Amino acid sequence: MKKTICVYCASSTKVNQRYYDAAVELGELIAQKGMRLVNGAGTMGLMRACADAVLNSGGEAVGVIPQFMVDRNWHYEDMTDLIITKDIHERKRKLANMADALIALPGGCGTFEELLEVITWKQLGIINKPIVILNTDGYYTPLIEMLEKAAREHFMREEHLRLWTVASTPEEALEQVENAPAWDADTAKFMARI
206 MKKTICVYCA SSTKVNQRYY DAAVELGELI AQKGMRLVNG AGTMGLMRAC ADAVLNSGGE
266 AVGVIPQFMV DRNWHYEDMT DLIITKDIHE RKRKLANMAD ALIALPGGCG TFEELLEVIT
326 WKQLGIINKP IVILNTDGYY TPLIEMLEKA AREHFMREEH LRLWTVASTP EEALEQVENA
386 PAWDADTAKF MARI
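Numbering (the working numbering), first residue to last: 206 to 399.
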(Lines of atoms letter the chains of each structure in order from A; the text may use other names.)
(Lines give C-alpha, C1' and ligand atoms only; values in the text may rest on other atoms or scores of the structure.)
Protein backbone atom coordinates (compact mmCIF):
# COMPACT_ATOMS: atom_id res chain seq x y z
CA MET A 206 0.00 0.00 0.00
CA LYS A 207 1.29 3.45 -0.94
CA LYS A 208 2.50 5.53 2.01
CA THR A 209 0.97 9.02 2.30
CA ILE A 210 3.12 11.86 3.61
CA CYS A 211 1.50 15.03 4.94
CA VAL A 212 3.72 18.05 4.43
CA TYR A 213 3.05 21.23 6.39
CA CYS A 214 4.70 24.36 4.97
CA ALA A 215 4.43 28.02 4.05
CA SER A 216 2.30 29.54 1.33
CA SER A 217 4.39 32.74 1.34
CA THR A 218 6.08 33.58 -1.96
CA LYS A 219 8.74 35.82 -0.40
CA VAL A 220 10.91 33.23 1.34
CA ASN A 221 14.54 32.45 0.55
CA GLN A 222 15.27 30.16 -2.39
CA ARG A 223 16.92 27.58 -0.13
CA TYR A 224 13.51 26.80 1.38
CA TYR A 225 12.01 26.35 -2.08
CA ASP A 226 14.88 24.04 -2.99
CA ALA A 227 14.18 21.85 0.05
CA ALA A 228 10.45 21.75 -0.75
CA VAL A 229 11.17 20.71 -4.33
CA GLU A 230 13.69 18.07 -3.26
CA LEU A 231 11.23 16.63 -0.75
CA GLY A 232 8.49 16.49 -3.39
CA GLU A 233 10.77 14.76 -5.89
CA LEU A 234 11.84 12.20 -3.29
CA ILE A 235 8.25 11.50 -2.24
CA ALA A 236 7.37 10.68 -5.85
CA GLN A 237 10.58 8.70 -6.49
CA LYS A 238 9.92 6.54 -3.43
CA GLY A 239 6.40 5.76 -4.63
CA MET A 240 4.77 7.75 -1.84
CA ARG A 241 1.81 10.11 -2.06
CA LEU A 242 1.79 13.75 -0.91
CA VAL A 243 -1.10 15.29 0.98
CA ASN A 244 -1.01 19.00 1.79
CA GLY A 245 -3.18 22.07 2.20
CA ALA A 246 -3.69 22.59 -1.58
CA GLY A 247 -2.30 26.12 -1.58
CA THR A 248 -1.50 27.64 -4.93
CA MET A 249 1.60 29.54 -3.78
CA GLY A 250 4.85 29.23 -1.88
CA LEU A 251 6.42 26.04 -0.59
CA MET A 252 3.06 24.27 -0.66
CA ARG A 253 2.80 24.72 -4.44
CA ALA A 254 6.53 24.02 -4.99
CA CYS A 255 6.36 20.69 -3.17
CA ALA A 256 3.15 19.65 -4.95
CA ASP A 257 4.57 20.61 -8.36
CA ALA A 258 7.73 18.61 -7.67
CA VAL A 259 5.66 15.53 -6.81
CA LEU A 260 3.46 15.92 -9.90
CA ASN A 261 6.39 16.69 -12.24
CA SER A 262 8.09 13.52 -10.97
CA GLY A 263 5.06 11.36 -11.78
CA GLY A 264 3.65 11.17 -8.26
CA GLU A 265 0.29 11.87 -6.67
CA ALA A 266 -0.47 15.07 -4.77
CA VAL A 267 -3.73 15.30 -2.85
CA GLY A 268 -4.90 18.66 -1.54
CA VAL A 269 -7.25 19.31 1.37
CA ILE A 270 -8.67 22.81 1.64
CA PRO A 271 -11.67 24.46 3.31
CA GLN A 272 -14.52 25.88 1.24
CA PHE A 273 -13.86 29.50 2.23
CA MET A 274 -10.36 29.25 0.72
CA VAL A 275 -11.78 27.79 -2.49
CA ASP A 276 -14.24 30.69 -2.59
CA ARG A 277 -11.22 33.04 -2.53
CA ASN A 278 -9.42 31.04 -5.27
CA TRP A 279 -6.61 30.05 -2.92
CA HIS A 280 -6.71 26.39 -4.05
CA TYR A 281 -4.36 24.65 -6.46
CA GLU A 282 -6.49 23.06 -9.17
CA ASP A 283 -3.71 20.89 -10.63
CA MET A 284 -3.61 18.54 -7.64
CA THR A 285 -4.25 14.87 -8.42
CA ASP A 286 -7.26 15.08 -6.13
CA LEU A 287 -8.79 18.01 -4.28
CA ILE A 288 -10.80 17.46 -1.11
CA ILE A 289 -12.90 20.40 0.08
CA THR A 290 -13.79 20.59 3.76
CA LYS A 291 -16.36 22.70 5.56
CA ASP A 292 -13.81 24.49 7.72
CA ILE A 293 -10.15 24.68 8.76
CA HIS A 294 -10.62 22.28 11.68
CA GLU A 295 -11.98 19.52 9.42
CA ARG A 296 -9.10 20.19 7.03
CA LYS A 297 -6.51 19.64 9.78
CA ARG A 298 -8.17 16.45 11.00
CA LYS A 299 -8.38 15.07 7.46
CA LEU A 300 -4.73 15.90 6.70
CA ALA A 301 -3.56 14.08 9.83
CA ASN A 302 -5.94 11.14 9.36
CA MET A 303 -4.98 10.59 5.71
CA ALA A 304 -1.25 10.61 6.43
CA ASP A 305 1.05 7.77 7.45
CA ALA A 306 3.62 10.36 8.53
CA LEU A 307 3.83 14.14 8.95
CA ILE A 308 6.71 16.40 7.92
CA ALA A 309 6.96 20.10 8.74
CA LEU A 310 8.94 22.29 6.36
CA PRO A 311 9.63 25.89 7.36
CA GLY A 312 6.55 28.08 7.67
CA GLY A 313 4.82 30.74 9.69
CA CYS A 314 2.07 30.74 12.31
CA GLY A 315 -0.16 28.30 10.41
CA THR A 316 2.65 25.78 10.02
CA PHE A 317 3.73 26.18 13.65
CA GLU A 318 0.15 25.65 14.78
CA GLU A 319 -0.29 22.52 12.64
CA LEU A 320 3.01 21.06 13.83
CA LEU A 321 2.37 21.73 17.51
CA GLU A 322 -1.18 20.42 17.23
CA VAL A 323 -0.11 17.04 15.85
CA ILE A 324 2.65 16.82 18.47
CA THR A 325 -0.04 17.42 21.10
CA TRP A 326 -2.33 14.83 19.48
CA LYS A 327 0.51 12.31 19.57
CA GLN A 328 1.21 13.14 23.22
CA LEU A 329 -2.46 12.51 24.00
CA GLY A 330 -2.54 9.25 22.04
CA ILE A 331 -4.92 10.60 19.36
CA ILE A 332 -2.44 9.80 16.58
CA ASN A 333 0.59 7.49 16.54
CA LYS A 334 2.37 8.57 13.37
CA PRO A 335 5.96 9.71 12.78
CA ILE A 336 6.38 13.49 12.98
CA VAL A 337 9.52 14.95 11.42
CA ILE A 338 10.67 18.55 11.71
CA LEU A 339 12.70 19.39 8.60
CA ASN A 340 15.12 21.92 10.05
CA THR A 341 16.38 23.46 6.80
CA ASP A 342 19.36 25.72 7.56
CA GLY A 343 18.47 25.71 11.25
CA TYR A 344 15.10 27.39 10.69
CA TYR A 345 13.40 25.43 13.48
CA THR A 346 16.32 25.49 15.93
CA PRO A 347 14.73 28.20 18.15
CA LEU A 348 11.48 26.21 18.36
CA ILE A 349 13.33 22.97 19.12
CA GLU A 350 15.31 24.77 21.83
CA MET A 351 12.06 26.16 23.27
CA LEU A 352 10.56 22.67 23.44
CA GLU A 353 13.71 21.37 25.12
CA LYS A 354 13.49 24.25 27.61
CA ALA A 355 9.84 23.34 28.28
CA ALA A 356 11.02 19.84 29.22
CA ARG A 357 13.88 21.17 31.40
CA GLU A 358 11.44 23.47 33.17
CA HIS A 359 8.97 20.58 33.66
CA PHE A 360 6.18 21.98 31.47
CA MET A 361 6.46 18.68 29.62
CA ARG A 362 8.30 15.45 30.31
CA GLU A 363 11.67 14.53 28.85
CA GLU A 364 9.92 11.53 27.24
CA HIS A 365 7.78 13.94 25.22
CA LEU A 366 10.89 15.00 23.30
CA ARG A 367 10.60 11.59 21.58
CA LEU A 368 7.27 12.57 20.00
CA TRP A 369 9.09 13.94 16.94
CA THR A 370 12.43 13.67 15.19
CA VAL A 371 14.51 16.39 13.52
CA ALA A 372 16.05 16.12 10.06
CA SER A 373 18.47 18.44 8.29
CA THR A 374 17.68 17.38 4.72
CA PRO A 375 14.64 16.10 2.82
CA GLU A 376 16.39 12.77 2.27
CA GLU A 377 17.03 12.41 6.00
CA ALA A 378 13.39 13.32 6.74
CA LEU A 379 12.09 10.50 4.54
CA GLU A 380 14.65 8.07 5.97
CA GLN A 381 13.31 8.89 9.42
CA VAL A 382 9.76 8.24 8.18
CA GLU A 383 10.76 4.92 6.65
CA ASN A 384 12.76 3.81 9.71
CA ALA A 385 10.45 5.13 12.42
CA PRO A 386 9.95 2.61 15.23
CA ALA A 387 6.46 1.29 15.70
CA TRP A 388 4.44 3.52 18.00
CA ASP A 389 2.14 0.94 19.50
CA ALA A 390 -0.96 1.47 21.62
CA ASP A 391 0.95 0.87 24.85
CA THR A 392 3.50 3.58 24.00
CA ALA A 393 0.69 5.97 23.09
CA LYS A 394 -1.08 5.28 26.38
CA PHE A 395 2.18 5.77 28.28
CA MET A 396 2.81 9.13 26.60
CA ALA A 397 -0.74 10.27 27.28
CA ARG A 398 -0.27 9.46 31.01
CA ILE A 399 2.98 11.32 31.57
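Glycine included, every Cβ here is placed at the ideal spot set by N, Cα and C.
Nothing here was measured: the structure is a model prediction, and the numbers come from that model.
Query: Inter-residue CB distance, T341 and A227 (contact presumed, cutoff 8 Å); Result: 5 Å
Query: Whole-angstrom distance between A355 and R362, CA atom to CA atom; Result: 8 Å
Query: Neighbourhood of G239 by C-beta, 7 Å cutoff - its chain only, sequence neighbours within 5 removed; Result: K207
Query: Of the residues G232, A378, A258, G268, the one placed nearest L300, counting alpha carbons only; Result: G268
Query: Cβ pair count under 8 Å reaching 3, the stretch 320–340 against the stretch 301–312; Result: yes
Query: Beta-ladder partner(s) of V371, from DSSP; Result: I338
Query: V243 versus I332 - alpha carbon distance; Result: 17 Å
Query: Beta-carbon contacts of G247 that lie in its chain and below 7 Å, excluding the five residues immediately before and after; Result: S216, R253, W279, Y281
Query: With 16 other Cβ atoms within 10 Å as the buried cut-off, status of Q237; Result: exposed
Query: Buried/exposed call for P386, threshold 16 Cβ in 10 Å; Result: exposed
Query: 6 Å Cβ shell around L366 - same chain, five flanking residues per side excluded; Result: A356
Query: Coil, strand or helix - N261 by DSSP; Result: helix
Query: Same chain only: Cβ atoms within 8 Å of T290, ignoring 5 sequence neighbours per side; Result: V269, I270, P271, Q272, R296, K299
Query: Local conformation of M365 per DSSP, three classes; Result: Strictly speaking, residue 365 in this sequence is His, with Met absent from that position. If DSSP states are grouped into helix, strand and coil, H365 belongs with the helices.
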